[in-house]
Amino acid sequence: MRLHHAVEITLTRPATHGELRDVSSGVPLAANANRTRLMALHSAHHPGGALHALRRRLGTRLPIDVLTTHYPDRHGQVVLNIALSHAADQALRQEAAALGQRPREVLRQRVSAGVAREQQERARRLEERLESLLARHTPEEVLACAAGLLHGRQHRRVPTAP
9 MRLHHAVEIT LTRPATHGEL RDVSSGVPLA ANANRTRLMA LHSAHHPGGA
59 LHALRRRLGT RLPIDVLTTH YPDRHGQVVL NIALSHAADQ ALRQEAAALG
109 QRPREVLRQR VSAGVAREQQ ERARRLEERL ESLLARHTPE EVLACAAGLL
159 HGRQHRRVPT AP
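Residue numbers (this note's numbering): 9 to 170.
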């Protein structure tokens, strides 16, 4: 059964208005303000098929970096479609062969490790900033300030009824 899959398209540079006009006649797209990220709905039997089909349809017409499913699949995974250079593809295949794995498994492991490193680095930076704040303010002051900021953000995001 074919389903519609939400796909996020990350570009290597902002798309021109002409590029967006040319491709949107065949594939309806929504662009962010600086035209570096696009959203599309594409029909396919599975998320990977939607990514592959969009790469084929748009790959020569837009400066696509990465295609990703906008929602996790039934296994809780976001599916990526990355076009690798010939040299990167060869290196990945050689490493996979040496490890006795499939290239996409090696790539999945590398991406997962990179995401984990980024999350750890963000947590470390946050802890450093909190330690700096706690050196000058009481825990109650920091908590009250954070709660006030979060409460204010929550109310700014929710539209009010007229």
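Built from N, CA and C at the ideal position, the CB exists for glycine as well. Predicted, not measured: the structure shown is a model, and the values here were computed from it.
Going by CA-CA distance only, name the one from G84, D73 and H83 that's closest to S93.
Residue mapping note: residue 93 aligns to position 85 of the sequence shown, counting from 1. Closest by alpha carbon: D73.
According to DSSP, which residues form a beta bridge with T77?
Indexing the sequence shown from 1 puts residue 77 at position 69. Per DSSP, V15.
At the level of alpha carbons, what is the spacing between G108 and G56?
In the sequence shown, residue 108 corresponds to position 100, counting from 1. In the sequence shown, residue 56 corresponds to position 48, counting from 1. One C-alpha to the other measures close to 24 Å.
Give the DSSP-derived three-state secondary structure of E135 in the structure shown.
Taking the sequence shown and counting its residues from 1, one reaches residue 135 at position 127. Helix at E135.
If we ignore side chains and look at the alpha-carbon of each, how far apart do H53 and R133 end up?
Here the question's residue 53 lines up with position 45 in the sequence shown. Here the question's residue 133 lines up with position 125 in the sequence shown. Cα-Cα distance, rounded: 42 Å.
Hey, could you find the ends of the beta strand (DSSP E) H145 is sitting in?
Taking the first residue of the sequence shown as 1, we reach residue 145 at position 137. Segment: none, H145 is in no beta strand (DSSP E) and carries neither H nor E.
Are three or more beta carbon pairs between the region 99-107 and the region 71-87 nearer than 8 Å?
No, they do not touch.
Going by DSSP, what residue range makes up the alpha helix (DSSP H) through H25?
Numbered from its first residue, the sequence shown carries residue 25 at position 17. Segment H25 to S32, the alpha helix (DSSP H) holding H25.
Quick check on the DSSP output: the beta strand (DSSP E) that includes H174 runs from which residue to which?
Since the displayed the chain opens at 9 and closes at 170, residue 174 lies outside it and no answer follows.
Which runs of the beta strand (DSSP E) spanning at least 3 residues fall entirely within the region 92-121, listed in chain order?
You should have found no qualifying run.
Please determine, among A23, A41, R118 and H50, the residue with the shortest C-alpha to C-alpha distance to G34.
Residue mapping note: residue 34 aligns to position 26 of the sequence shown, counting from 1. Out of A23, A41, R118 and H50, H50 has the C-alpha closest to the C-alpha of G34.
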